[in-house]
Amino acid sequence: MATGHPDDTDAYSEDEYVETEDGTRHRRAFVDRYPDAARIVRICLGISFAAFGVGALFGLIQALHRTGVFRFIPSSDYYTLLTGHGVLLALVFTTFGIAGLFQWANTRSLGVSPQSSTLTAAWLGTMTLGTLLAAGTILAGLFDSIPASADVLFTFYPPLKAHPLFYVGAALLIVGSWLAGASYFLQYREWRSAHPDARIPLQSFMVLTTMLMWYISTLGVAVEVVVFLIPWSLGLIQQVDPLLTRTLFWYFGHPVVYFWLLPAYLIWYTVLPKLSGGRLFSDPLARVVFVLFLILSTPVGFHHQYTDPGIASGYKFVAMTNTFFLLLPSLLTLFTVVASMEYGARQRGGSGYLGWLKALPWEKPAFAGIALSGIMFAAGGFSGMINAGMNINYLIHNTLWVPGHFHLTVGTAFALTLMAVSYWLVPQVTGKRLQLYGVASLQPYVWFVGMVLMSNAMHRAGLAGIPRRTAEPQYDQFSFQAVAGSVGEMRIQIAIGGTLLFIGAAMFLAVMLATWTMGKPNSQIRVNGFIPDPMSGATDSPRVLDNLKLWVLVAVLLVALAYGLPLFDMVADGVLSPGSPPVPA
Amino acid sequence: MHVHRFEKLWFGASLVLIVAFIGTIVYGAIGPGVAMVGDDGGTINAATVSDGDFEETDNFRSPGVYESSDGEGVDVYIVARQYLFNPGTAQPIEVPRGEEVTFHVTTADVTHGFNLAGTNVNTMVIPGQIAQFDVTFEETGEYGIVCHEYCGSGHHTMAGQLHVVPQSQFDTTAGGDN
């Protein structure tokens, strides 16, 4: 293992530079090896980060508005911005960021370029058009002169109705992501034809299992939008069943969080050990984890509907049991990530029970951001266990606790990981050295502190019963009693935390913008894309792990068990009833 | 496939934790009797609620507080609509301390939420469905009712009150328009 030295994290490995006959060294970064794929990654990340900037600005306005610190928009517009914040961050920032990350990981690990430029153009175009339609319709709600709006929030529960173009945009974004998945599978097929007996490379394995999970789970929202909401918003059908459509949404609405999380896990498993100065602990266990997510992610959606009338408690209990077993792959990931970091730290000279932590490269932005996002995710995991507890959930359902939770998961585990890995990846897909390195080194800490302030206060506010999704959580009839701290102190923490998070987002975008505009192409970049082999490799593991067809079959079977009867109950009285006409009509 | 000893231990401990979590929920259900909102409330035509034709339905009465037909406890029928609870917003809902209160909550228009702030009395209010659940209040006091699901541009104004009063002061005609 010539390149396996722990100290070459920032050195040029032989993989990355080749020496020609005249003695000059030529860079072989990702952009040099796979220029087509690198371009796709750049486009995806560009759109993702643009959505991130707008969504983060909306987030700042909301944090200041709902805490009463600074209000300059009418409260009715708060919901327009909240819809924009949810859709731009949870759907656009994530989906484009993931598409870019997966394009890189799949290409890198298979060593195969994207196979069809037509397919690439199709999925990029479809996703972009969907984004423009959905975001445009939402923003139109800010202007009275434009007769379109989509003030329906990220969950768009009917009978609240958005303009039809909002639903069309959301559908196109998802269809585009399906086509992106098809492109990854074409790369895989090409690789397989040349390697009939080899184990699927780990990163590609992760990409493919995640996309399979995505295909299964997006079916719910696709049916909801295409079969029900688009015809209903166009007036072709008069009513829809709010409980049925809501159930179809949550069929998708929980696995979507794993669609956000698994790309972060991909980075934690394959990139973080290297950035720590070591290597992955176990390849087979990583495969087991991704298989578990593929089969268990979808039959859990009813845990978002614990407080819904019209769904028998037994179905909720089944979903809860599945949900708790989903803890297993995340707990295994916790072990592997910490073990890999400790191994890296000891390779770097760290020692002691916890003293090794000091040997990690906390000054490097990519490492620091990913490691901090993992720490925050652990906290988010614990609040998630409360959410999952069927009867404990009644205390915090739809309170500020819930956004407090998911700003740790999608809002940090995913978002901060994507930002941090960009400090490492963007130089490789642009060939430009990272600019404003000092700003980048500080940025993960700003995000971390901002999130600690905002999230702890949101969790505690939830315990007091302060609701989420509300422009002014202050009522004439009564006041909230804080369980720990005071309501005023929580508001201040949320406002300061939200402001710091916005500053963190702006710092990240400044680094990306500076790298894009001021970085010289073909510069000597400080990082390399080499990923060392795991301590325990794939060859030791059962081949059945790579049998994707089998796992899809198991996943579909579990979905049928969890959803078959409840859906039958709901449609037994007619798919459109009990029905509701749109509001506003 | 080689699995490290520590990893096996961790795997085992994780499974124990998961089973223990499920155990606590089961205990909560059969021990203290924490019940879920289920499908017992049945369905209702949203147009009926909107028009107030409660004569047409046998599983929902005109909004208000009633003595239960079996003489034990009270039934509270609540209709949520943009942006009020009836009863609850215009006048507080009054229920007696120490008796079983069965709530029946539905909506005339969009999806709403119904939460007594700071307690686990919490349900979604979905068009076409009746949320039905039992609560026994052991102490007198005043609770805020919050609509916790976004229901339109005036959502943040949608709130109400529930008063738990001693049985001696309780009067079923209070708080209802029946």
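From first to last, the protein sequence lines are chains V and B. Numbering-wise (the numbering used here), the first sequence opens with residue 91 and increments by one. Numbering-wise (the numbering used here), the second sequence opens with residue 174 and increments by one. We put the beta carbon where it would ideally sit given N, CA and C, even for glycine.
By how many angstroms is the C-alpha of B:Val-338 removed from the C-alpha of B:Val-268?
6 Å
Where V:His-155 falls: helix, strand or coil (DSSP):
helix
So if I threshold CB-CB distances at 9 Å, which residues from the stretch 479-498 of chain V count as touching chain B?
Gly-479, Met-480, Asn-481, Ile-482, Asn-483, Tyr-484, Leu-485, Ile-486, His-487, Asn-488, Thr-489
Against chain C, does V:Glu-562 count as a neighbour if the rule is that its beta carbon must be under 8 Å from one of theirs?
Structure shown: chain C not included; protein chains present are V and B.
Measuring CA to CA, which of V:Gly-391, V:Thr-300, V:Thr-299, V:Pro-321 is closest to V:Val-649?
V:Gly-391
Does B:Gly-348 come within less than 8 Å of chain V when only Cβ atoms are used?
Only weak support is given to the placement of B:Gly-348: the predicted model assigns it a pLDDT of 45, under 50, and the value that follows is read from those uncertain coordinates. Closer than 8 Å: no.
Whether B:Val-252 touches B:Asn-259 by CB criterion (8 Å):
yes
Reduced DSSP category for V:Thr-502 - H, G, I as helix; E, B as strand; rest coil:
helix
Out of V:Trp-194, V:Leu-333, V:Leu-498, V:Arg-436, point me to the one whose CA is closest to V:Tyr-247's CA.
V:Leu-333
Assigned secondary structure, V:His-95 (DSSP; H/G/I helix, E/B strand, else coil)
Reliability fails at V:His-95, whose pLDDT of 36 lies under 50, so the model's placement of it is uncertain and the value that follows must be treated cautiously. Coil.
Counting only beta-carbon separations shorter than 8 Å, does B:Val-247 have a partner in chain V?
no
Environment of V:Phe-162 [buried if 16+ CB atoms lie within 10 Å]
exposed
Quick check on this structure: which residue in V:Gly-471, V:Ala-461, V:Ser-430 has the alpha carbon closest to the alpha carbon of V:Leu-418?
V:Gly-471
When you compare the CB of V:Arg-336 with every CB in chain B, is at least one pair closer than 8 Å?
yes
Does any C-beta atom of chain B lie closer than 8 Å to the C-beta of V:Gly-669?
yes
With contact counted as at least three CB pairs below 8 Å, one residue from each stretch, are the stretch 663-673 of chain V and the stretch 327-343 of chain V in contact?
yes
So the candidates are B:Thr-221, B:Val-199, B:Gly-244; which of them puts its Cα closest to the Cα of B:Ser-235?
B:Thr-221
Going by Cα to Cα distance, which pick from V:Leu-635, V:Pro-534, V:Ala-146 is closest to V:Ile-465?
V:Pro-534
Helix, strand or coil at V:Pro-622 according to DSSP, with G and I counted as helix
coil
Taking 8 Å as the CB-CB limit, is B:Glu-315 close to chain V?
yes
B:Ile-195 versus chain V: which residues are under 8 Å apart at the beta carbon?
Met-410, Thr-411, Phe-414
Would you call the stretch 535-542 of chain V and the stretch 142-156 of chain V touching, i.e. three or more CB-CB distances under 8 Å?
no
Beta-ladder partner(s) of B:Tyr-250, from DSSP:
B:Gly-237, B:His-277
Enclosing alpha helix (DSSP H) for V:Met-597 [first to last residue]
577-608
Thinking B:Thr-345 and B:Tyr-256 are a contact (beta carbons under 8 Å), I'd like their distance in whole angstroms, please.
Not really, about 27 Å apart at Cβ, beyond 8 Å.
Start and end of the alpha helix (DSSP H) containing V:Asn-196?
184-200
Selection from V:Thr-197, V:Val-265, V:Val-617, V:Phe-318 that minimises the alpha carbon distance to V:Asp-126
V:Thr-197
Three or more C-beta pairs closer than 8 Å, one from the stretch 644-659 of chain V and one from the stretch 289-297 of chain B: is that the case here?
no
For V:Ile-476, collect the residues of the same chain with a Cβ closer than 7 Å to its Cβ; drop the 5 residues on either side in sequence, then sort them by chain order.
Ile-482, Ile-486
Close-in-space but distant-in-sequence residues of the same chain around V:Glu-562 (CB under 6 Å, 5 per side omitted):
Ser-165
What is the DSSP secondary structure of V:Ile-556, counted as helix, strand or coil?
coil
What residues are listed by DSSP as bridge partners for B:Ala-304?
B:Val-278
Three CB pairs or more closer than 8 Å across the stretch 380-394 of chain V and the stretch 630-644 of chain V:
yes
DSSP has B:His-336 in a bridge; who is on the other side?
B:Glu-267, B:Glu-315
Residues of chain V with CB closer than 8 Å to the CB of B:His-321, please, in chain order.
His-487, Asn-488, Thr-489, Pro-557, Arg-558, Arg-559, Thr-560
Go ahead and pull the three-state DSSP assignment for V:Asn-477.
helix
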